[in-house]
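The UniProt record's numbering numbers the first residue of the sequence shown as 1 and each following residue consecutively.
Each residue gets a CB set at the ideal place from its N, CA and C atoms; glycine is no exception.
A quick note: this is a predicted structure, and the numbers were derived from the prediction, not measured.
Below is one structure, written out as structure tokens; the observations come after it.
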Amino acid sequence: MFTGIIEEKGEVVAIVKTGGGAVLSVRGPVVTSDAKHGDSIAVNGVCLTVVEVEDDVFTVDVIRESLDRSSLGGLAEGSPVNLERAVRADQRLGGHIVQGHVDGTAVLLSRKPGESWDDVRFSLSKELGPYVAEKGSIAIDGISLTVTTVDDESFGVSLIPTTLKLTTMGDRQVGDVVNIEADVIAKYVERLVAGK
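Below you can see the structure in the form of structure tokens.
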């Protein structure tokens, strides 16, 4: 489990394609400070399992399912990525409950810079629409954010200076594809109400 509070912006240092999947190596001095084989680290919101740590670089296996359902397949050497270690039981939950199980992707539709924050709008698929609510939580590339507006085809968030500076969201441009994870509580409520 994660909180959506990004610990650092890392960098992809190598990608090796394997039979349908990939081996990804990422530089992240903060997240590797105590990382070991088997630990979970979210890369752009996707929960991945560490297979090796060497100095400040960790390596993970990425299966075809993760490449297909997220934006990880579009990464290249040098790509910046958001990194967060799994939350410990004795930590504060600063964002919201983020599983690292990406539900799909969205496209950045518009960006309106402001004096103190940027207002950003993303596409919204019909499948994810029911789980996105104004003032609700959403994880975009692993970042815990609050939905400011929503309609049938898109939703908006506001990005504060800290988010713009310390995450990849500060560099995202119109047309970029991002990972989306809807609030898990909304998914469970829907299932309970449907009686499934």
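Alpha-carbon spacing of residue i relative to residue j, whole angstroms
| i | j | result |
| --- | --- | --- |
| residue 238 | residue 14 | The requested residue 238 does not occur in the structure, where the chain is confined to residues 1 to 196. |
| residue 107 | residue 153 | 11 Å |
| residue 171 | residue 187 | 30 Å |
| residue 81 | residue 191 | 32 Å |
| residue 20 | residue 67 | 9 Å |
| residue 131 | residue 184 | 9 Å |
| residue 163 | residue 86 | 19 Å |
| residue 129 | residue 150 | 9 Å |
| residue 43 | residue 111 | 23 Å |
| residue 30 | residue 8 | 7 Å |
| residue 70 | residue 177 | 9 Å |
| residue 199 | residue 84 | Given that the chain is displayed from residue 1 to residue 196, the structure contains no residue 199 and the question cannot be resolved. |
| residue 5 | residue 143 | 6 Å |
| residue 38 | residue 51 | 6 Å |
| residue 18 | residue 115 | 45 Å |
Secondary structure of residue i, DSSP reduced to three states
| i | result |
| --- | --- |
| residue 185 | helix |
| residue 133 | coil |
| residue 88 | coil |
| residue 65 | helix |
| residue 49 | strand |
| residue 59 | strand |
| residue 197 | Lying outside 1 to 196, the shown extent of the chain, residue 197 is not represented and no answer is given. |
| residue 23 | strand |
Minimum C-alpha distance to residue i - residue among the options
| i | options | result |
| --- | --- | --- |
| residue 48 | 78, 64, 33 | 64 |
| residue 159 | 28, 145, 150 | 145 |
| residue 168 | 147, 1, 12, 3 | 12 |
| residue 23 | 60, 39, 3, 6 | 60 |
| residue 91 | 149, 3, 70 | 3 |
| residue 78 | 140, 31, 10 | 10 |
| residue 76 | 26, 182, 166 | 26 |
| residue 117 | 16, 32, 157 | 157 |
| residue 122 | 28, 147, 98, 32 | 147 |
| residue 73 | 182, 139, 105 | 105 |
| residue 57 | 46, 41, 45 | 41 |
| residue 161 | 52, 141, 119 | 119 |
| residue 100 | 28, 46, 194 | 46 |
| residue 103 | 113, 195, 88, 124 | 124 |
| residue 16 | 62, 36, 28 | 62 |
Residue i: first and last residue of the uninterrupted alpha helix (DSSP H) it sits in
| i | result |
| --- | --- |
| residue 72 | Here residue 72 belongs to no alpha helix (DSSP H), and DSSP marks it neither H nor E. |
Residue range of the beta strand (DSSP E) that includes residue i
| i | result |
| --- | --- |
| residue 42 | 40-43 |
| residue 17 | 8-17 |
Ignoring anything shorter than 3 residues, give me the beta strand (DSSP E) runs that lie fully in the UniProt domain "Lumazine-binding" (97-193), in order along the chain.
104-113, 118-123, 137-140, 143-150, 154-159, 177-182
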